[in-house]
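Engineer:
There are 2 protein chains.
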Amino acid sequence: MQYKAIKLVKRPEIYITPDLFETVTLETPQLDDGQFLLKQTHMSLDPAMKGWMMPDKNSYIPPVELGEVMRSSGVAEVVESRNDNFPVGSRVVGMIGWTEYAVSSGEGLRLLPPEVPAEAVLCVLALPGLTAYQGLMNIGKPRAGETLVVSGAAGSVGSLVGQIGKAEGLRVVGTAGTEDKCRWLVDELGFDAAINYKDADLAKKLEEATPDGVDLYFENTGGAVQHITYGRMNVHGRIIVCGMIADYNTDSPSPGPNWINMIRRRLTVQGFAMPDHWGEVPAMTEKLSGYFMAGKLKYRAHKLQGLESAIEGINLLFTGGNTGKLMVEL
Amino acid sequence: MQYKAIKLVKRPEIYITPDLFETVTLETPQLDDGQFLLKQTHMSLDPAMKGWMMPDKNSYIPPVELGEVMRSSGVAEVVESRNDNFPVGSRVVGMIGWTEYAVSSGEGLRLLPPEVPAEAVLCVLALPGLTAYQGLMNIGKPRAGETLVVSGAAGSVGSLVGQIGKAEGLRVVGTAGTEDKCRWLVDELGFDAAINYKDADLAKKLEEATPDGVDLYFENTGGAVQHITYGRMNVHGRIIVCGMIADYNTDSPSPGPNWINMIRRRLTVQGFAMPDHWGEVPAMTEKLSGYFMAGKLKYRAHKLQGLESAIEGINLLFTGGNTGKLMVEL
Numbered sequence: 001m002q003y004k005a006i007k008l009v010k011r012p013e014i015y016i017t018p019d020l021f022e023t024v025t026l027e028t029p030q031l032d033d034g035q036f037l038l039k040q041t042h043m044s045l046d047p048a049m050k051g052w053m054m055p056d057k058n059s060y061i062p063p064v065e066l067g068e069v070m071r072s073s074g075v076a077e078v079v080e081s082r083n084d085n086f087p088v089g090s091r092v093v094g095m096i097g098w099t100e101y102a103v104s105s106g107e108g109l110r111l112l113p114p115e116v117p118a119e120a121v122l123c124v125l126a127l128p129g130l131t132a133y134q135g136l137m138n139i140g141k142p143r144a145g146e147t148l149v150v151s152g153a154a155g156s157v158g159s160l161v162g163q164i165g166k167a168e169g170l171r172v173v174g175t176a177g178t179e180d181k182c183r184w185l186v187d188e189l190g191f192d193a194a195i196n197y198k199d200a201d202l203a204k205k206l207e208e209a210t211p212d213g214v215d216l217y218f219e220n221t222g223g224a225v226q227h228i229t230y231g232r233m234n235v236h237g238r239i240i241v242c243g244m245i246a247d248y249n250t251d252s253p254s255p256g257p258n259w260i261n262m263i264r265r266r267l268t269v270q271g272f273a274m275p276d277h278w279g280e281v282p283a284m285t286e287k288l289s290g291y292f293m294a295g296k297l298k299y300r301a302h303k304l305q306g307l308e309s310a311i312e313g314i315n316l317l318f319t320g321g322n323t324g325k326l327m328v329e330l
Numbered sequence: 001m002q003y004k005a006i007k008l009v010k011r012p013e014i015y016i017t018p019d020l021f022e023t024v025t026l027e028t029p030q031l032d033d034g035q036f037l038l039k040q041t042h043m044s045l046d047p048a049m050k051g052w053m054m055p056d057k058n059s060y061i062p063p064v065e066l067g068e069v070m071r072s073s074g075v076a077e078v079v080e081s082r083n084d085n086f087p088v089g090s091r092v093v094g095m096i097g098w099t100e101y102a103v104s105s106g107e108g109l110r111l112l113p114p115e116v117p118a119e120a121v122l123c124v125l126a127l128p129g130l131t132a133y134q135g136l137m138n139i140g141k142p143r144a145g146e147t148l149v150v151s152g153a154a155g156s157v158g159s160l161v162g163q164i165g166k167a168e169g170l171r172v173v174g175t176a177g178t179e180d181k182c183r184w185l186v187d188e189l190g191f192d193a194a195i196n197y198k199d200a201d202l203a204k205k206l207e208e209a210t211p212d213g214v215d216l217y218f219e220n221t222g223g224a225v226q227h228i229t230y231g232r233m234n235v236h237g238r239i240i241v242c243g244m245i246a247d248y249n250t251d252s253p254s255p256g257p258n259w260i261n262m263i264r265r266r267l268t269v270q271g272f273a274m275p276d277h278w279g280e281v282p283a284m285t286e287k288l289s290g291y292f293m294a295g296k297l298k299y300r301a302h303k304l305q306g307l308e309s310a311i312e313g314i315n316l317l318f319t320g321g322n323t324g325k326l327m328v329e330l
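Written as structure tokens, this is what we have:
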């Protein structure tokens, strides 16, 4: 059977452009013993993917090699099987890549319970949820009553960070790029306040929304929010650096804040990436499922249609054009 | 008996100027039961003192009130006593202030063994040693074989950080502001390399001195060293922010580095100040005494003469004019 896949054939300079990719038509192979054939139904697009396209000896995972199928996580159904642990009809989540079909022996895949919809898996239980939980809970170690600021709060990670924060008894303030997103954060997700970072009065608004200062800052964006929030950190504040989306698409990253405040307020600023924490995934999945089943984690999926929509669509993540967790429905 | 003391009467704008202080002549009081009279012999001058002159609700200790004797640590001898725990002739270290004599009931003072010279106490066992140990060992958690860069390495804290690093099996690279200081670091203190931060080739020199990248950065200064070293941090590197002396005497602190590297390398940047860690002082003093007795901690004292030399002398800390731990001999 023929299927399409998309290979990375060139590395990005600054922007992700169509010429970085090549769509190829492949033939599904005969299965060996222990193998099974996956038909991907939902493919996740995440900001981290840009990092995976660039070589950096210090990055947390090796880059995608040129000529390889582009890396991504996704949900797939087993449609042929010579592996009893993955019978036909079962569903899995894992790093499947930009492809309609894939052959696997099960490494790195997790079986999914039938009752969780594929969208919820990608929005809550996959990379965004794990990232939100790891950063806020395991690194930030929040205490009920503390004030949390989340930048990029309407994004796939930020919206979960804020909701987990509310579930844990924090005062939660989010920043986002449109009035619509801000309303969604407060009215639907239960944030205590949401601020449009394009507001001319950003500093004053952030000040009003955090009358007791800021104990935790979950950083997804960089930019002005970073500098203003940094200046409002309380003693022993924790800053969790998860993303810097404002600076991914530039060759002259903007300066960070001066470090004097680190001493005066005894701050800790910590960057992290999920591949350091795969060992903790089972425990985190359980926690996330618990919040989800209790109705505490709402999500919004932004679905593109068809494999090749990923090529242009991924840029929505860097322009803020997506409304909800970005994914491709195949 | 009459003695002199110096009060803080005005807060600094940018520089520490003589008009901030007033020298007064006081009379030693009659001692109550439990009290004793201290004659200070050595008074420490430290960069942190500038912070103590400025009001900041988030600072780690309250500022010195206007009209109060300026705060400082020092070594003193008991010359009169109505307290059996502090008999005449015993020596103490503690926050005694800019004064020739002081009355105490013992709070916050530690008795000193007779065999440790007063200079060594202020250079090794008091604030500089405790700060160096807390930052490098308790926060940085170094592992033998790792590479440590220390800025302000010829300073009272930096020189001990580097020597503790060597004692713990690290590769140690220091930066300082003169060729003389650099030679002292390598020839006398055993640093693996020392670099003059005024060198036009600073980036190249730092690169050559850290062929395996940098695992730990102990920050005392800010400035170009900060940006270059930050760019050379290895995965899971730790940055300990102790001082930003390049920025204390300016009203427009220079920008810090962009935070993208925090994610790519999963760095932790942590500011600290000793008053959060008084509980750990006894354990740290024991460790420091151990290094000192084993001959592993050398120091250089820069002694000014007479109480009032502190007024102008404190600025040597901000111009880099001191050669060794700055103190006043009374």
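Each protein sequence line maps, in turn, to chains A and B.
Read left to right, the first sequence gives residues 1 to 330 (this note's numbering).
Read left to right, the second sequence gives residues 1 to 330 (this note's numbering).
We treat Cβ as the ideally placed atom computed from N, Cα and C, and that holds for glycine.
Suppose only complete runs of 4+ residues qualify. What are the alpha helix (DSSP H) ranges in the region 228-256 of chain A, listed by chain order?
Structural biologist: Counting whole runs of 4 or more residues, the region 228-256 of chain A contains the alpha helix (DSSP H) stretches 245-248.
Engineer: So, with DSSP's three-state summary, where would you put A/M274?
Structural biologist: Locating residue 274 of chain A in the first sequence gives position 274, where the first residue counts as 1. Note: A/M274 maps to helix in three-state DSSP.
Engineer: Have a look at B/S90 and B/Y15 and give me their C-alpha separation to the nearest angstrom.
Structural biologist: Translated into positions along the second sequence, residue 90 of chain B becomes position 90. Translated into positions along the second sequence, residue 15 of chain B becomes position 15. Rounded to the nearest angstrom, the two C-alpha atoms are 38 Å apart.
Engineer: Under 9 Å Cβ-Cβ, which residues of chain A neighbour B/V150?
Structural biologist: The residue given as residue 150 of chain B occupies position 150 in the second sequence. Under the 9 Å cutoff, chain A gives no residues; its nearest Cβ is about 15 Å from B/V150.
Engineer: Residues of chain A with CB under 7 Å from B/I260, in chain order?
Structural biologist: Numbered from its first residue, the second sequence carries residue 260 of chain B at position 260. Those are M244, D247, P253, listed as they occur along chain A.
Engineer: Taking buried to mean at least 16 other C-beta atoms within 10 Å of its own C-beta, is B/S73 buried or exposed?
Structural biologist: Position 73 of the second sequence, counting from 1, holds the residue named residue 73 of chain B. The residue is buried, with at least 16 neighbouring Cβ atoms inside 10 Å.
Engineer: By the three-class DSSP mapping on this structure, what secondary structure does B/S104 have?
Structural biologist: Working through the second sequence from its first residue, we reach residue 104 of chain B at position 104. Strand.
Engineer: Helix, strand or coil for B/S90? Go by DSSP, reduced to three states.
Structural biologist: As a working mapping, residue 90 of chain B is identified with position 90 in the second sequence. Correct three-state label for B/S90: coil.
Engineer: B/G140: buried (16+ other C-beta within 10 angstroms of its C-beta) or exposed?
Structural biologist: Numbered from 1 along the second sequence, position 140 holds the residue referred to as residue 140 of chain B. Result: buried.
Engineer: Would you give the residue range spanned by the beta strand (DSSP E) that B/A301 belongs to?
Structural biologist: Walking along the second sequence from the start, residue 301 of chain B turns up at place 301. Per DSSP, B/A301 belongs to the beta strand (DSSP E) from 301-305.
Engineer: Give the residues from the region 257-287 of chain B that approach chain E closer than 7 Å (Cβ to any Cβ), ordered along the chain.
Structural biologist: Absent from the structure is chain E; the protein chains it does hold are A and B.
Engineer: Examine chain B for any beta-carbon lying closer than 9 Å to the beta-carbon of A/V332, and answer yes or no.
Structural biologist: Since the displayed chain A opens at 1 and closes at 330, residue 332 of chain A lies outside it and no answer follows.
Engineer: Take every Cβ of the region 174-190 of chain A, pair it with every Cβ of the region 152-166 of chain A, and state whether three or more of those distances are shorter than 8 Å.
Structural biologist: Verdict: yes, contact present.
Engineer: Give me the Cβ distance between B/Q30 and B/N83, rounded to the nearest whole Å; I'm assuming they're in contact under 8 Å.
Structural biologist: For the purposes of this step, residue 30 of chain B is identified with residue 30 of the second sequence, where counting begins at 1. For the purposes of this step, residue 83 of chain B is identified with residue 83 of the second sequence, where counting begins at 1. So it is not a contact: roughly 14 Å between Cβ atoms.
Engineer: Evaluate contact between the region 267-285 of chain A and the region 266-286 of chain B, counting only Cβ atoms and requiring at least three cross-stretch pairs below 8 Å.
Structural biologist: Short answer: they touch.
Engineer: Tell me whether B/M53 sits in a helix, a strand or coil according to DSSP, three-state version.
Structural biologist: Within the second sequence, numbered from 1, the residue matching residue 53 of chain B stands at position 53. Three-state result, B/M53: coil.
Engineer: Is it true that the region 142-152 of chain A meets the region 109-127 of chain A, where meeting means three or more beta-carbon pairs spaced less than 8 Å apart?
Structural biologist: No, the region 142-152 of chain A does not touch the region 109-127 of chain A.
Engineer: Identify every residue that forms a DSSP beta bridge with B/I6.
Structural biologist: As a position in the second sequence, residue 6 of chain B is number 6, starting the count at 1. BP columns for B/I6 point to B/T23.
Engineer: Apart from the five residues just before and just after A/E188, which ones in its own chain have a Cβ nearer than 8 Å to its Cβ?
Structural biologist: Residue numbering aside, residue 188 of chain A sits at position 188 when the first sequence is read from its first letter. For A/E188, where only same-chain residues beyond five positions count, the Cβ hits under 8 Å are K298.
Engineer: Between B/G135 and A/W259, is the Cβ-Cβ spacing less than 9 Å?
Structural biologist: Here residue 135 of chain B corresponds to residue number 135 of the second sequence, with the count starting at 1. Here residue 259 of chain A corresponds to residue number 259 of the first sequence, with the count starting at 1. Not closer than 9 Å, so no.
Engineer: Taking any Cβ of chain B, which residues in the region 216-244 of chain A have a Cβ under 9 Å from it, in chain order?
Structural biologist: Going along the region 216-244 of chain A in chain order, one finds E219, G222, Q226, M233, N234, V235, H236, I239, V241, C242, G243, M244 with a Cβ nearer than 9 Å to chain B.
Engineer: Around the Cβ of B/N234, are there at least 16 other Cβ atoms within 10 angstroms (buried) or fewer (exposed)?
Structural biologist: The count along the second sequence starts at 1 and reaches residue 234 of chain B at position 234. Looking at its Cβ environment, which holds 16 or more other Cβ atoms inside 10 Å, B/N234 is buried.
Engineer: Counting only runs that start and end within the region 174-218 of chain B, where is the beta strand (DSSP E) found for 3 or more residues in a row?
Structural biologist: Whole beta strand (DSSP E) segments, 3+ residues: 193-196.
Engineer: To the nearest angstrom, how far is it from the Cα of B/P55 to the Cα of B/K10?
Structural biologist: If you number the second sequence from 1, residue 55 of chain B lands on position 55. If you number the second sequence from 1, residue 10 of chain B lands on position 10. Taking the straight line joining both Cα atoms gives about 11 Å.
Engineer: Could you tell me the distance, in whole angstroms, from the CA atom of B/M1 to the CA atom of B/E13?
Structural biologist: Residue 1 of chain B sits at position 1 when you count from the first residue of the second sequence. Residue 13 of chain B sits at position 13 when you count from the first residue of the second sequence. One C-alpha to the other measures close to 36 Å.
Engineer: Can you tell me the Cα-Cα spacing of B/L20 and B/D201, whole angstroms?
Structural biologist: Numbered from 1 along the second sequence, position 20 holds the residue referred to as residue 20 of chain B. Numbered from 1 along the second sequence, position 201 holds the residue referred to as residue 201 of chain B. B/L20 and B/D201: Cα-Cα distance of roughly 40 Å.
Engineer: If you compare alpha carbons, which of B/V116, B/D276, B/Y60 is closest to B/G295?
Structural biologist: If you number the second sequence from 1, residue 295 of chain B lands on position 295. Of the listed residues, the one whose Cα sits closest to B/G295 is B/V116.
Engineer: Pick out whichever of B/P113, B/L130, B/E168, B/G145 has its Cα sitting closest to the Cα of B/D46.
Structural biologist: Against the second sequence, residue 46 of chain B aligns to sequence position 46. Ranking the options by Cα distance to B/D46, first place goes to B/L130.
Engineer: State yes or no: is the C-beta of B/T17 within less than 9 Å of the C-beta of B/L307?
Structural biologist: Position 17 of the second sequence holds residue 17 of chain B. Position 307 of the second sequence holds residue 307 of chain B. For B/T17 and B/L307, no; Cβs fall outside 9 Å.
Engineer: In whole angstroms, what separates the C-alpha of A/W98 from that of A/K7?
Structural biologist: Sequence index remark: in the first sequence, residue 98 of chain A carries index 98 (1-based). Sequence index remark: in the first sequence, residue 7 of chain A carries index 7 (1-based). In a straight line, the C-alpha of A/W98 is about 8 Å away from that of A/K7.
Engineer: Quick one: Cα of A/I239 to Cα of A/G51, how far?
Structural biologist: Locating residue 239 of chain A in the first sequence gives position 239, where the first residue counts as 1. Locating residue 51 of chain A in the first sequence gives position 51, where the first residue counts as 1. Each residue's Cα considered, the two are about 21 Å apart.
Engineer: Keeping to the same chain, check which residues put their C-beta closer than 7 Å to that of B/P62; ignore five residues upstream and five downstream.
Structural biologist: Translated into the one-based positions of the second sequence, residue 62 of chain B becomes position 62. Excluding sequence neighbours, B/P62 sits near nothing in its chain.
Engineer: List the whole-angstrom C-beta distance separating A/V79 from A/V88, where the pair is believed to meet the contact cut-off of C-beta under 8 Å.
Structural biologist: As a first step, residue 79 of chain A must be located in the first sequence, where it is residue number 79. As a first step, residue 88 of chain A must be located in the first sequence, where it is residue number 88. Right, their Cβ atoms sit about 6 Å apart.
Engineer: So, helix, strand or coil for A/M137, using DSSP?
Structural biologist: In the first sequence, counting from the first residue as 1, residue 137 of chain A sits at position 137. Helix, per DSSP.
Engineer: Measuring only between beta-carbons, confirm whether A/G306 sits less than 9 Å from chain B.
Structural biologist: Locating residue 306 of chain A in the first sequence gives position 306, counting from the first residue. By this cut-off, A/G306 is not an interface position.
Engineer: Excluding five sequence neighbours on each side, which residues of the same chain lie with their C-beta closer than 6 Å to the C-beta of B/A102?
Structural biologist: Sequence index remark: in the second sequence, residue 102 of chain B carries index 102 (1-based). L38, I96, listed in sequence order.
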